[in-house]
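This report refers to the structure that appears directly beneath it.
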């Protein structure tokens, strides 16, 4: 175990009817003017946005709206939100939605208190120190952004100092210890009962990925963190199967929702070096092909990444296979055999919940792999990850495995 | 899963050398005057108290001391601390020690801002709403008080309104959502390397008990919370064996230390009704026989409680047996058989780490069981617990099983 700081001061209010409490919770942070950020579609139809706004009004808030946030959220809506905050002197930002909405709200909360361009934080030119308070009404369990200090935003066009476009979209992740953690998150599983199967499955993969990226680590002696991560993974596989079979099962939805938060609030990473290679590899795909859902992209990438690294460093993958996928080693089997059997079971689980396993399944017919590899290493450096460090030669092989 | 609120805003600073950061961390809460609470003995000899005080001085604090806090901490030292806080206009309380020291610091932090007697909070006459900030330098992993909103204090003598003593000692637990959670906890496993085997083992039992009391629940559909709890228990058994064999193994100490925090910060109880019967049954023993260490008392009580309830409601005990103690059900075996085999393995684990299994092992030669039963139900009501509700007849049988 390495030294670490763990600080997760989000208040989670979990269960039925809880979204009615948003006004009361927001009130604790003072202020009278709230910006409500949402996507539209299901968050509006389910009544979640309406109930949140009514609760805020009842608590004495004036509310302003930023609607229509799309998956793989982009910088233009963040800039629009920052303008709204400044124009209306907003005190608190309320995100009603899933990861894209919450990540946009976080970027606005940060950018609104900063004189320069908010993208400075994402590309590492500035360090986040303060942000407006963010509250969440969660409607999609997947990203874990309701409990994390992270935010992922796509910059549509990279420009040089003269304002000329020099590259296509770049999707970057910002990670803070606590500045970007929501102050509170209201989590009513009922709001997720009508999520389509596809979106539910994408969420299941995304939350598992958040654990994998912390679990596959060379830092030794992390038995406590390992066992928590493995326990969560087992619970997600079990409740994931259940929710796909019975989409209107409140209890399965509740378990999946809470698992998604714990998967990404940092508890599965305590004391060790993490490895976010699969996320990085996927981010390039969904940045260039924005119709690719992040979770679906991960469903294809993760088993391919695992197979590639298991050939070089099978230990932790074999542990995953035994402890999570219930692989019982055959007599005389070596770790790589155990690892591969675990990966096969994982891939089969992803397929069973309707997730793709390659570019074709993602709807990407003729991917430009050299361009993906080049963009990946331009954004993330010559070598990515550390469980097995990957250069362009390695990441090309992983992308090729998805053909 | 039931509705729940989970709010755990303690900042954990974990690892080597971290106690030097206490001044800097305390400074974040403003103020210039700190009361340092500790037990003496090992916390002083190890240099932990000295380093904390030097760090506080370097950060500009004046420090005042309350030393010599004993196990099973009592009300008299709390009152002394409250007087010190008022006399010296203290801004923050720093606990350097384990559960007894931290619980005393919490009681002082609460009582110092309250006009009446601090015991009002423990006996339910008053509701905690505010407290001075408490910071912790942890030296004993066991109680989990560094991350919990709880505090357990013993009132030496219960008096009536005329000031006459009407009963002997009573040990009561106060639980808050967040008022009593420490603001920060510094956790350097090096400070625990010299803990005696007995104290280490008592801590292992105590942290497991904190999980059991949340795990044995009739609330259905808590797969996520169950799997986290089971993972932690497996890690504690593994690292507990390791630390008893190699007391100076930093990594084993680190795992045990972090497990103790997660065992009691509430994560293992999310979404379900808990059952603190074993703690209640033990508290009566260590209140009347103060030489009984809490963890040792629990090592005797827990398997006896488990056997008693397994006969009436074996389901969850059998699940524990299979998932934590690796019991493989024999063909045709019924849940109670599986449960009993799991309990046998747990008892054997406790014995192997040097823990007692009965009153004699606890050094209580001629226990007054009727008095224990009477006191228990006087303090906790006619029926305690809910996994299997226990009346005086049941708790008498459990105490008798320790003869």
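Protein chains in written order, with this note's numbering: chain A, 1188 to 1590; chain B, 1188 to 1590. Just so you know, even glycine gets a beta-carbon here, dropped at the ideal spot from N, CA and C.
Residue i (DSSP reduced to helix, strand or coil)
i              : result
residue 1536/A : helix
residue 1465/B : helix
residue 1442/A : helix
residue 1277/A : coil
residue 1284/B : strand
residue 1298/B : helix
residue 1479/B : coil
residue 1515/B : coil
residue 1238/A : helix
residue 1499/B : helix
residue 1220/B : strand
residue 1204/B : coil
residue 1363/B : coil
residue 1349/B : coil
residue 1246/A : coil
residue 1372/A : strand
residue 1322/A : strand
residue 1330/B : coil
residue 1437/A : helix
residue 1474/A : helix
residue 1261/B : strand
residue 1341/B : strand
residue 1312/B : coil
residue 1380/A : coil
residue 1225/A : strand
residue 1357/B : strand
residue 1402/B : helix
residue 1193/B : strand
For residue j and residue i, believed in contact at Cβ under 8 Å, the rounded distance
i              : j              : result
residue 1446/A : residue 1422/A : 6 Å
residue 1460/B : residue 1520/B : Wrong, their Cβ atoms sit about 28 Å apart, outside the cutoff.
residue 1475/B : residue 1559/B : 7 Å
residue 1316/A : residue 1369/A : That belief does not hold up - the Cβ atoms of residue 1316/A and residue 1369/A are roughly 17 Å apart, past 8 Å.
residue 1283/B : residue 1324/B : 4 Å
residue 1189/A : residue 1406/A : 6 Å
residue 1452/B : residue 1335/B : 6 Å
residue 1326/B : residue 1285/B : 6 Å
residue 1554/A : residue 1546/A : 5 Å
Whether residue i touches residue j by CB criterion (9 Å)
i              : j              : result
residue 1338/A : residue 1365/A : no
residue 1606/B : residue 1427/B : Nothing can be reported for residue 1606/B: it is not among the residues displayed for chain B, which extend from 1188 to 1590.
residue 1144/A : residue 1448/A : The structure shown does not extend to residue 1144/A, since chain A is modelled only from 1188 through 1590, so no value can be given for it.
residue 1505/A : residue 1523/A : yes
residue 1258/A : residue 1477/A : yes
residue 1199/B : residue 1194/A : yes
residue 1391/B : residue 1482/B : yes
residue 1410/B : residue 1511/B : no
residue 1381/A : residue 1570/A : no
residue 1468/B : residue 1549/B : no
residue 1296/A : residue 1367/A : yes
Proximal chain C residues relative to residue i, where beta-carbon distance stays under 7 Å
i              : result
residue 1503/A : The structure shown contains no chain C; its protein chains are A and B.
Any non-hydrogen atom of the ligand FMN closer than 8 Å to residue i Cβ
i              : result
residue 1259/B : The ligand FMN is absent from the structure shown, which contains no ligands of any kind.
- Message: Using a Cβ distance threshold of 8 Å, determine whether the stretch 1279–1289 of chain A contacts the stretch 1217–1225 of chain A, with at least three qualifying pairs required.
- Response: yes
- Task: Return the residues of the stretch 1429–1445 of chain A that lie within a Cβ-Cβ distance of less than 7 Å from chain B, sorted by chain order.
- Result: 1438, 1441, 1442, 1445
- If you measure beta-carbon to beta-carbon, which residues of the stretch 1386–1415 of chain B are closer than 8 Å to chain A? 1407, 1408, 1409, 1410, 1411, 1412, 1413, 1414, 1415
- Cβ contact (3+ pairs, closer than 8 Å) linking the stretch 1190–1204 of chain B and the stretch 1525–1537 of chain A: no
- May I ask you to list, following chain order, the residues of the stretch 1191–1218 of chain A that have a beta carbon less than 9 Å from some beta carbon of chain B? 1191, 1192, 1193, 1194, 1195, 1196, 1197, 1198, 1199, 1200, 1201, 1202, 1203, 1204, 1205
- Message: Beta carbons nearer than 8 Å to chain B: which residues of the stretch 1452–1471 of chain A have them?
- Response: 1454, 1457, 1458
- Message: Against chain A, which members of the stretch 1237–1254 of chain B pass a CB distance test of less than 8 Å?
- Response: none
- Using a Cβ cut-off of 7 Å, which residues of the stretch 1315–1329 of chain A contact any Cβ in chain B, in chain order? none
- Message: Quick test of the definition: if touching needs 3 or more C-beta pairs under 8 Å, does the stretch 1288–1296 of chain B touch the stretch 1335–1349 of chain B?
- Response: yes
- Item | Residues in the stretch 1355–1385 of chain A having any Cβ partner in chain B nearer than 7 Å | none
- Item | Segment contact flag, the stretch 1384–1402 of chain A with the stretch 1480–1498 of chain A, C-beta cutoff 8 Å, min 3 pairs | yes
- Counting pairs of Cβ atoms below 8 Å between the stretch 1429–1445 of chain A and the stretch 1372–1380 of chain A, do you hit three or more? yes
- Query: Residues in the stretch 1519–1533 of chain B with C-beta within 7 Å of chain A's C-beta atoms, listed in sequence order?
  - Reply: none
- Query: Are there three or more Cβ pairs, one per stretch, closer than 8 Å when the stretch 1239–1248 of chain A is compared with the stretch 1207–1215 of chain A?
  - Reply: yes
- Mind checking the stretch 1484–1509 of chain A against chain B and listing, in chain order, the residues whose C-beta falls within less than 7 Å of any C-beta there? none
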